[in-house]
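In the working numbering, the protein residues as written are -16 to 423.
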């Protein structure tokens, strides 16, 4: 059997196992281990062992539990509630202001957590009931929550970009900085859409009643201080890193400690909050480590077969496709896979094939990390089985149907596709900040 056929068989077997509902790390690891044993006998055991040693020696992986712990502390201690109250008061006089404030809330939650699930949970439990109670259109606000929560995997400290850095062997710091401007660009585009739509159709986003807007200046400033706290935590973590005063791991430790101290300062660091934060951090961190380990073992076998070179020749020589055509086909495949897989599974499945191929085609792997992340965001919100669609269905009140959820994401997906096209056309949107910081 040719190496190309073995590679296709491995890939097909892995996809089949995933479709049967097997755990991601189990499906990927089993196919990699079975292929290694069949190809090289007992010597194939060295491949997963070597992958495990690489994983254990990858020092930046320590950032993963730090950032997850930081996010859970801020979530469990209800600091996000204070943030929403701030946006509620300051943005209330604007048409669609609470929806715009919700996008702002999601950006800050993303900067505190790095996972889209946390943003979805906070948005659906805090913002959505308030928006519905104040007469906002249920379809529009459902889309706002889903679109805003998707920013969690792009705005630093993105856990997904840490995973991409591990698999693609790229610097985490540069990937984070590459995600800043695209993430803010997407948030601004969401805000512009909401503002324009509510100006054209005022009934979609009414202003707050006069009596709720007329609160004292002292109370407004108190709420503003509550909103500044997450920014202080983010600055405590990122400024020393960008300035070169601390390493990535040291910055993540600063962020976790700052979040912990903020919860203590607010007198919300109870035993229950601490225990829940630690348990959730352990569960999520172990899940990611198993997935990374399986992906590295599978990738080592895949690379050893020379599969990437064979597929590159197939696309460029035999089919005569241009590098940009191949890149666009890759992005479309992510959207297709997003109908039944989450971002982590998508990355570990295609990384052994796509990442070396992107490099061989002459594209920047930092830039491609941002493209992958945005395409994943789009896949999260694409029917029929988008990850965010079902999360929203599980958390939304009964009056919001699955049909409402599907309709709600159409304009926001269009905005995200426009942002993706901009970043593909103008790569410096993603690359300017890391080039400036690291070049300096």
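Glycine included, each C-beta is placed from N, C-alpha and C at the ideal position.
Looking only at 122, 85 and 90, the smallest Cα-Cα distance to residue 109 is reached by 85. The beta carbon of residue 34 lies closer than 7 Å to those of 276, 279, 280 and 283 in the same chain, with the five residues before and after it left out.
In the assembly as shown, residue 380 is an exposed residue. Its beta-carbon has fewer than 16 other beta-carbons within 10 Å. Between the alpha carbons of residue 82 and residue 114 lies a gap of roughly 7 Å. Note on geometry: alpha-carbon atoms of residue 39 and residue 148 lie some 15 Å from one another. Here the alpha carbons of residue 93 and residue 238 stand approximately 13 Å from one another. Counting only residues of its own chain and dropping the five nearest sequence neighbours on each side, residue 127 has a CB closer than 6 Å to the CB of 82 and 85. A check of alpha carbon separations from residue 13 across 319, 68, -3 and 25 identifies -3 as the nearest. Residue environment analysis places residue 139 among the buried positions, since at least 16 neighbouring C-beta atoms fall within 10 angstroms of its C-beta.
Just measuring C-alpha positions, the residue of 407, 348 and 244 sitting nearest residue 153 is 348.
DSSP places residue 386 in the uninterrupted alpha helix (DSSP H) bounded by 385 to 391.
The criterion of a C-beta distance shorter than 8 Å is satisfied by residue 357 and residue 165. Counting only residues of its own chain and dropping the five nearest sequence neighbours on each side, residue 242 has a CB closer than 6 Å to the CB of 53, 56, 57 and 216.
At a Cβ-Cβ threshold of 8 Å, residue 375 and residue 361 do not count as neighbours.
Residue state for residue 138 is assigned as coil, using DSSP reduced to three classes. A residue is called buried once 16 or more other Cβ atoms fall within 10 Å of its Cβ, and residue 8 is buried on that count.
The beta carbons of residue 129 and residue 421 sit no closer together than 8 Å.
Secondary structure note for residue 242: its alpha helix (DSSP H) is the uninterrupted segment 231 to 248. Cα atoms of residue 103 and residue 90: separation of roughly 12 Å, rounded to the nearest angstrom. For the 8 Å CB-CB criterion, residue 187 and residue 79 form a contact. Bounds of the alpha helix (DSSP H) holding residue 129 are 121 to 132. Looking from the CA of residue 136, the closest CA among 250, 261 and 330 belongs to 330. When 180, 400, 172 and 44 are compared, the shortest CA-CA separation from residue 143 is found for 44. Leaving aside the five residues that flank residue 269 on each side, none in its chain has a CB nearer than 6 Å to its CB.
CA-to-CA, the gap between residue 120 and residue 20 works out to about 57 Å. Only exposed fits residue 228, as fewer than 16 other CB atoms lie within 10 angstroms of its CB. Setting aside the 5 residues that flank it on each side, residue 316 is surrounded in the same chain by 333, each with a C-beta closer than 8 Å to its C-beta; the list follows chain order. By the Cβ neighbour-count rule, residue 303 is exposed, with fewer than 16 other Cβ atoms within 10 Å of its own.
Residue -12 counts as exposed, since fewer than 16 other beta carbons sit within 10 angstroms of its beta carbon. In this structure, residue 260 lies away from residue 46, with their beta-carbon atoms at least 8 Å apart. With contacts defined as CB atoms closer than 8 Å, residue 414 and residue 161 qualify as a contacting pair. Using a 10 angstroms sphere on the CB of residue 402, the tally of other CB atoms reaches 16 or more, which defines it as buried. Taking each of 48, 377, 11 and 0 in turn and checking the Cα distance to residue 263, the smallest one comes out for 48. Residue 409 carries a coil assignment under DSSP once its states are collapsed to helix, strand and coil.
Secondary structure of residue 73 (DSSP, three-state): helix.
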